[in-house]
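Following the numbering used here, the numbering of the sequence shown begins with 706 at its first residue and continues without gaps.
In this text, a Cβ means the ideal position worked out from N, Cα and C, and glycines have one as well.
See below for the structure under consideration.
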Amino acid sequence: MKVLIDADACPVVDLALSISSEFEIETILFCDTSHRVERDNVITIIVPKGPDSVDFTLVNALSKHDIVITQDYGLAAMVLARGGYPIDQNGREMSNENIERLLDMRHVGQKIRRAGGRTKGPKKRTQENNISFEMKFRQICERAILAHKLEESTGEK
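And the structure:
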């Protein structure tokens, strides 16, 4: 079981590393050559810059019950399909119950931008965002550890 971080423009890398260390969960950072994000004592996988290159590399490293921190709904959908736990930098957990709506919202925004329209960007990050992320990330770590241990004890895969 691991924590995989889509580290390109991720504002909670250090917070996630601190929490995953408390839970003794291995963490791997993924970024492209234009966003080199490296930390001591953490594996960083750097991929060539390209559309979705980080996403596909991360998904190929993913195992069931891994936790993925990303703000990319397309990547989150792939994580869900492989039995992982996606969460964004604000503490929103993507699930089978909400991923379709999130993907639809992304699609509508893309259509508006392609037609020359504008959509709102993200709001300025607040301390409340960090608190929400920390609380939800801790919950997901506990849930993923429990699911992983249960699966190991029953011999399921």
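Among residues of its own chain, excluding the 5 on either side of residue i, which ones have a beta-carbon nearer than 6 Å to its beta-carbon?
i	result
Val-708	Ser-725, Ile-730, Thr-732, Ile-772
Val-717	Gln-794, Phe-838
Ile-743	Position check: residue 743 holds Glu in this sequence, whereas Ile was assumed. So the list reads Thr-749, once near-sequence residues are dropped.
His-853	Met-706, His-770
Thr-859	none
Whose C-beta lies closer than 8 Å to the C-beta of residue i among residues of the same chain, with five residues either side of it excluded?
i	result
Lys-754	Asp-737, Thr-738, Ser-739
Tyr-790	His-770, Asp-771, Ile-772, Val-773, Val-784, Glu-798, Ile-845, Arg-848, Ala-849
Thr-762	Phe-735, Ile-750, Val-752
Measure how close the beta-carbons of residue i and residue j come, nearest whole angstrom, since I'm counting them as under 8 Å.
i	j	result
Met-706	His-770	5 Å
Met-799	Ala-781	4 Å
Gly-796	Phe-728	Actually they are not in contact, since the Cβ atoms of Gly-796 and Phe-728 sit about 16 Å apart, beyond 8 Å.
Phe-735	Ala-712	6 Å
Asn-834	Leu-720	Incorrect: roughly 10 Å between the Cβ atoms, too far for contact.
Using a 10 Å radius around the Cβ and a threshold of 16 neighbouring Cβ atoms, would you call residue i buried or exposed?
i	result
Ile-774	buried
Leu-851	exposed
Leu-767	buried
Ile-710	buried
Provide the residue(s) that pair with residue i in DSSP beta bridges, ordered along the chain.
i	result
Tyr-778	For Tyr-778, which the question treats as bridged, DSSP gives no partner whatsoever.
Glu-731	Lys-707
Val-773	Leu-709, Pro-791
Check whether the Cβ atoms of residue i and residue j sit closer than 8 Å, and answer yes or no.
i	j	result
Asp-760	Asp-745	no
Leu-722	Val-752	no
Ile-804	Phe-842	no
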